[in-house]
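Q: Here you go, one structure.
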Amino acid sequence: MMSGSDGELVRLALGGRTDAFAALVARYLRAAYAVALARTGDPHDAEDVAHDTFVVALERLADCREPDRFAGWLLRIARNTALNHVRARTVRDAVPLDDAAGAASDGDPGRDAELAALKGDLLAAMEGLSPVQREVLLLHDLEGWRHGEIGERLGFPEGTARYHLHEARRTMRQRLAPRYETEVQRCSTER
Amino acid sequence: MNEDTRDEALDLSALGLAPSRHAALTAGIVERGEPILARRRAARGPFVVLAAWTRPALAAAAVVMLAALAALLAERPREAAAVPTTTEALGFPAPVVAWAEAGRAPSLEELVVTMNPEVSP
Chain V
0 MMSGSDGELV RLALGGRTDA FAALVARYLR AAYAVALART GDPHDAEDVA HDTFVVALER
60 LADCREPDRF AGWLLRIARN TALNHVRART VRDAVPLDDA AGAASDGDPG RDAELAALKG
120 DLLAAMEGLS PVQREVLLLH DLEGWRHGEI GERLGFPEGT ARYHLHEARR TMRQRLAPRY
180 ETEVQRCSTE R
Chain R
0 MNEDTRDEAL DLSALGLAPS RHAALTAGIV ERGEPILARR RAARGPFVVL AAWTRPALAA
60 AAVVMLAALA ALLAERPREA AAVPTTTEAL GFPAPVVAWA EAGRAPSLEE LVVTMNPEVS
120 P
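Respectively, the protein sequence lines represent chains V and R. The opening residue of the first sequence carries number 0 in numbering that gives the first Met the number 0; numbering runs sequentially from there. The opening residue of the second sequence carries number 0 in numbering that gives the first Met the number 0; numbering runs sequentially from there.
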């Protein structure tokens with residue numbers, strides 16, 4: 000995979016270099032997907048949004064005035080694309096969350112079922128967060144971005160990123176705890 | 000107090016893209032982007048690339064051309080004001096033109112001086 004700074008890859012992609020564009024996709028697909036998931040709450044939709052985000056970004060690449068800040072620019076496109084997607088979905092009726100939670104994984108059927116259930120629980124818990132909290136939570140705890148990176152790329156101070164993350168985790172724990180505490184109690188009783 | 004004050008990372012890996020989905024999505028995006036990239040490559044043909052390399056030289060040539068054009072334009076009114084006669088245009092010496100205009104034959108002395116200006120009368 001091609002390496003180089005975001006700015007270099009953007010300039011090469013502007014010249015039509017497929018390998019440079021592929022490197023940008025590999026570098027930021029997960030982040031675009033995280034932002035899309037934060038906004039749509041649906042893994043299938045998030046994949047579609049992530050896909051469309053990169054195509055739109057490539058078409059408008061010449062408008063990226065600061066190529067070294069490509070990530071922030073891309074995530075804004077992801078957010079807008081997700082919002083448009085959600086509006087369109089509202090019109091054509093929503094995809095049930097449970098179906099969305101059943102997105103394909105790489106494991107066996109039993110593990111897939113567990114994963115789908117966990118995914119459904121996490122998505123349901125995330126509904127209690129604000130869109131920004133969801134973005135920060137996913138970019139930090141799923142993608143491993145640092146507070147500073149998140150703040151810079153989402154356009155707010157690092158301290159705000161920390162605050163959103165803290166609040167998001169607290170809310171998630173509160174919403175997930177009853178279900179998992181009940182399950183633990185049920186397992187103990189069955190023994 | 001019931002408040003949860005822990006701030007450890009949550010395990011959200013279940014929400015992440017599975018490697019197979021990541022690979023499929025990447026391939027799909029690159030495939031859909033290829034026509035756009037191809038247009039960019041076509042727009043940047045060899046001549047465009049060459050033009051980009053020689054841009055400073057072209058700019059300098061443009062400056063020289065503009066300066067030359069300005070000089071030519073400044074010179075033009077003077078040329079237009081003095082319309083040369085046929086004999087001047089043919090390059091005859093001024094005295095010959097004067098004799099022709101006056102319709103008289105030069106003397107021998109005038110001829111010698113005209114043909115050899117270093118010889119004074």
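Glycine residues also receive a C-beta, built at the ideal position from the N, C-alpha and C atoms.
Is R:Met-0 buried or exposed, if buried means 16 or more other CB atoms sit within 10 Å of its CB?
A: As a position in the second sequence, residue 0 of chain R is number 1, starting the count at 1. Caution applies to R:Met-0, whose pLDDT of 37 falls short of 50 and renders its modelled position unreliable; the model cannot decide the point.
Q: Buried or exposed, going by whether 16 or more other CB atoms sit within 10 Å of the CB of V:Leu-28?
A: In the first sequence, residue 28 of chain V corresponds to position 29, counting from 1. Flag for V:Leu-28 reads buried.
Q: Which residues of chain V have a Cβ atom closer than 9 Å to the Cβ of R:Arg-54, listed in chain order?
A: As a first step, residue 54 of chain R is located in the second sequence; it is residue number 55 there, counting from the start. Chain V residues near R:Arg-54: none, gap ~15 Å exceeds 9 Å.
Q: Quick check on the burial criterion: 16 or more other C-beta atoms within 10 angstroms. Buried or exposed for V:Asp-97?
A: Your numbering for residue 97 of chain V matches position 98 in the first sequence. Low per-residue confidence applies at V:Asp-97: pLDDT is 47, beneath 50, and the placement is therefore not dependable, though the value from the model is reported in the following sentence. V:Asp-97 is exposed by the Cβ-count criterion.
Q: Quick check on the DSSP output: the alpha helix (DSSP H) that includes V:Arg-64 runs from which residue to which?
A: The residue you call residue 64 of chain V lines up with position 65 of the first sequence. First-last for V:Arg-64: undefined, no H or E at that position.
Q: Buried or exposed for V:Arg-78, please, with buried defined as at least 16 other CB atoms from any protein chain shown within 10 angstroms of its CB.
A: Within the first sequence, numbered from 1, the residue matching residue 78 of chain V stands at position 79. So V:Arg-78 ends up on the buried side.
Q: Helix, strand or coil: how does DSSP classify V:Trp-72 here?
A: Against the first sequence, residue 72 of chain V aligns to sequence position 73. DSSP places V:Trp-72 in the helix class (H, G or I) of the three-state scheme.
Q: Please tell me whether V:Pro-95 has its Cβ less than 8 Å away from any Cβ of chain R.
A: Along the first sequence, read from residue 1 onward, the residue named residue 95 of chain V stands at position 96. Unreliable positioning characterises V:Pro-95 in this predicted model, as indicated by a pLDDT of 49, which lies under 50. A coordinate reading is not provided.
Q: What whole-angstrom Cβ distance do R:Gly-32 and V:Phe-20 have, given they're in contact under 8 Å?
A: Looking up residue 32 of chain R in the second sequence gives position 33. Looking up residue 20 of chain V in the first sequence gives position 21. About 6 Å; that satisfies the 8 Å criterion.
Q: Three-state secondary structure (DSSP) at V:Met-125?
A: Residue 125 of chain V sits at position 126 when you count from the first residue of the first sequence. Helix.
Q: Shorter than 8 Å from the beta carbon of V:Gly-109 to some beta carbon of chain R?
A: As a position in the first sequence, residue 109 of chain V is number 110, starting the count at 1. Chain R, which has no Cβ nearer than 8 Å to the Cβ of V:Gly-109, makes this no.
Q: Going by C-alpha to C-alpha distance, which of V:Leu-137, V:Met-0, V:Leu-114, V:Ala-116 sits closest to V:Met-125?
A: Within the first sequence, the letter at position 126 stands for residue 125 of chain V. Nearest C-alpha to V:Met-125: V:Leu-137.
Q: Once you ignore the five residues that flank V:Pro-130 on each side, which residues in its own chain have a CB closer than 7 Å to its CB?
A: Counting from 1 along the first sequence, the entry for residue 130 of chain V is found at position 131. Correct list, in chain order: Ala-37, Arg-38.
Q: Note down, in chain order, every chain R residue with its Cβ under 8 Å from the Cβ of V:Thr-159.
A: By one-based count along the first sequence, residue 159 of chain V stands at place 160. By Cβ distance, chain R contributes nothing, its closest Cβ being about 16 Å from V:Thr-159, past 8 Å.
Q: V:Gly-15 touches chain R at which residues, Cβ-Cβ below 9 Å?
A: One-based indexing of the first sequence puts residue 15 of chain V at position 16. Residues of chain R passing the Cβ test: Ile-35, Leu-36, Ala-37, Arg-38, Arg-39, Arg-40, Ala-41, Ala-42, Arg-43.
Q: Rounded to whole angstroms, what is the Cα-Cα separation between V:Gly-127 and R:Arg-40?
A: Position 128 of the first sequence holds residue 127 of chain V. Position 41 of the second sequence holds residue 40 of chain R. For V:Gly-127 and R:Arg-40, the distance between alpha carbons rounds to 47 Å.
Q: According to a CB-to-CB cut-off of less than 7 Å, which residues of the region 140 to 156 of chain V neighbour chain R?
A: Asp-140, Leu-141
Q: Can V:Thr-89 and V:Thr-52 be called in contact, C-beta distance under 8 Å?
A: Taking the first residue of the first sequence as 1, we reach residue 89 of chain V at position 90. Taking the first residue of the first sequence as 1, we reach residue 52 of chain V at position 53. For V:Thr-89 and V:Thr-52, no; Cβs fall outside 8 Å.
Q: Near V:Ala-45, which residues of its chain fall below 6 Å by C-beta distance, leaving aside the five closest residues on each side in sequence?
A: The residue given as residue 45 of chain V occupies position 46 in the first sequence. The answer, listed in chain order, is Tyr-32, Ala-35, Leu-36, Thr-39.
Q: Between the region 17 to 37 of chain V and chain R, which residues of the former have CB atoms less than 7 Å from a CB of the latter, in chain order?
A: Cβ contacts with chain R come from Thr-17, Phe-20, Ala-21, Val-24, Ala-25, Leu-28, Arg-29, Tyr-32, Leu-36.
Q: For V:Met-1, which three-state DSSP category applies?
A: Residue mapping note: residue 1 of chain V aligns to position 2 of the first sequence, counting from 1. Of the three classes helix, strand and coil, the one that applies to V:Met-1 here is coil, per DSSP.
Q: Closer than 7 Å by beta-carbon distance: list the chain R residues that pair up with V:Arg-174, in chain order.
A: For this step, residue 174 of chain V is matched to residue 175 along the first sequence. Per Cβ cutoff of 7 Å: no residues; V:Arg-174 is ~11 Å from chain R at best.
Q: Mind listing the chain R neighbours of V:Leu-57? Cutoff is C-beta to C-beta under 8 Å, in chain order.
A: The sequence position of residue 57 of chain V within the first sequence is 58, counting from 1. Neighbourhood of V:Leu-57 in chain R, by CB distance below 8 Å: Gly-32, Ile-35, Leu-36, in chain order.
Q: Please identify the residue among V:Leu-57, V:Ala-49, V:Ala-30, V:His-50 whose C-alpha is closest to the C-alpha of V:Leu-8.
A: In the first sequence, counting from the first residue as 1, residue 8 of chain V sits at position 9. Out of V:Leu-57, V:Ala-49, V:Ala-30, V:His-50, V:Leu-57 has the C-alpha closest to the C-alpha of V:Leu-8.
Q: For a test of the three-state rule: what should DSSP assign to V:Phe-155, helix, strand or coil?
A: By one-based count along the first sequence, residue 155 of chain V stands at place 156. In the structure shown, the three-state DSSP call for V:Phe-155 is coil.
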